[in-house]
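These notes are about the structure you will find just below.
Numbering (UniProt numbering), first residue to last: 1 to 230.
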């Protein structure tokens, strides 16, 4: 069990999932085998994982003033976080994802509307500085606008917290930002995009980690699915 205070700034998405035998072709209406809705978003999911691991978690995210946003409030209240800060966009929808899951191998196709996740303002982050400053660990992803992510990283560093960046979904990040991060945790695909290398083995992952160190990252863990991590 882990302990300590973890502040997670990241996305919340409302996921709509349809199970199908196969993916529809363009122009085709396909009858689904079943469907479900659930809470998602890399930020909310990682905050939940930290809570289950025993941490004291403060989750910070942004939603819309809509039906999906009302769902988010109910869901996050029920998770049991120690604290939740929900910023609200009045005219932008809550982030949402449309997901097809096909066949027995569960191959998927996903379309994501980031919505409110990408509209976090400087003033909104400034209002969260006290919460960030109380954390032992600050965890961010790349499913929000970079300006807000960089502010959170800066606030975490100024407070002396351990700052972790999970660079997913990948978008370009300045090397100067990487140098402020204590731990970078890409998967093989993200490491490949960041380094321009094919990362398909532990050896390739170690070489990619060296490149990321040269770009400014202090500590790097590259996850390789069933093959483990480097």
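Glycine is no exception: its CB is placed at the ideal position from the N, C-alpha and C atoms.
Item	Value
Rounded C-beta distance between residue 149 and residue 142? I'm assuming under 8 Å.	7 Å
Classify residue 222 as helix, strand or coil using the three-state DSSP reduction.	coil
I'd like to check one pair, residue 145 with residue 232: are the Cβ atoms closer than 8 Å?	With the chain covering only 1 through 230, there is no way to say anything about residue 232.
Between the beta-carbon of residue 125 and the beta-carbon of residue 152, is there less than 8 Å?	yes
CB-CB under 6 Å to residue 165, same chain, minus the five flanking residues each way: which ones, in chain order?	140, 181, 184
Tell whether a beta-carbon distance below 8 Å holds between residue 92 and residue 99.	no
Give me the Cα-Cα distance between residue 198 and residue 221, rounded to the nearest whole angstrom.	16 Å
Three or more beta-carbon pairs under 8 Å between the segment 169-180 and the segment 66-76, yes or no?	no
Return yes when the Cβ of residue 41 is within less than 8 Å of the Cβ of residue 12, no when it is not.	yes
Please report the Cβ distance between residue 115 and residue 96, rounded to the nearest whole angstrom; I am assuming they are in contact, meaning their Cβ atoms lie under 8 Å.	7 Å
Measuring straight from C-alpha to C-alpha, what distance separates residue 15 and residue 48?	16 Å
Check for me: the beta strand (DSSP E) holding residue 19 runs from which residue to which?	13-20
According to the Cβ coordinates, are residue 132 and residue 7 closer than 8 Å?	yes
Applying the criterion that 16 or more other CB atoms from any shown protein chain within 10 Å of the CB defines a buried residue, is residue 191 buried or exposed?	buried
Could you say which of 80, 39, 60, 29 lies nearest to residue 52 if we only look at CA atoms?	80
Express the C-alpha separation of residue 62 and residue 247 in angstroms, rounding to a whole number.	Nothing about residue 247 can be read from this structure; the chain reaches only from 1 to 230.
Using the rule of at least 16 other Cβ atoms within 10 Å of the residue's Cβ for burial, across every protein chain shown, is residue 104 buried or exposed?	exposed
Kindly list the residues whose CB is nearer than 6 Å to the CB of residue 59, restricted to its own chain and excluding five residues on each side of it in sequence; keep chain order.	8, 47, 81, 84
List the residues that DSSP assigns as beta-bridge partners of residue 187.	223
Given a threshold of 16 other Cβ atoms within 10 Å of its Cβ, counted over all protein chains shown, does residue 156 qualify as buried or as exposed?	buried
For residue 204, which residues of its own chain have a beta-carbon under 7 Å away from its beta-carbon, when the five flanking residues on both sides are left out?	197, 198
By the three-class DSSP mapping on this structure, what secondary structure does residue 138 have?	strand
Enumerated in chain order, which unbroken segments of the alpha helix (DSSP H) with a length of 4 residues or greater are wholly contained in the segment 52-116?	67-79
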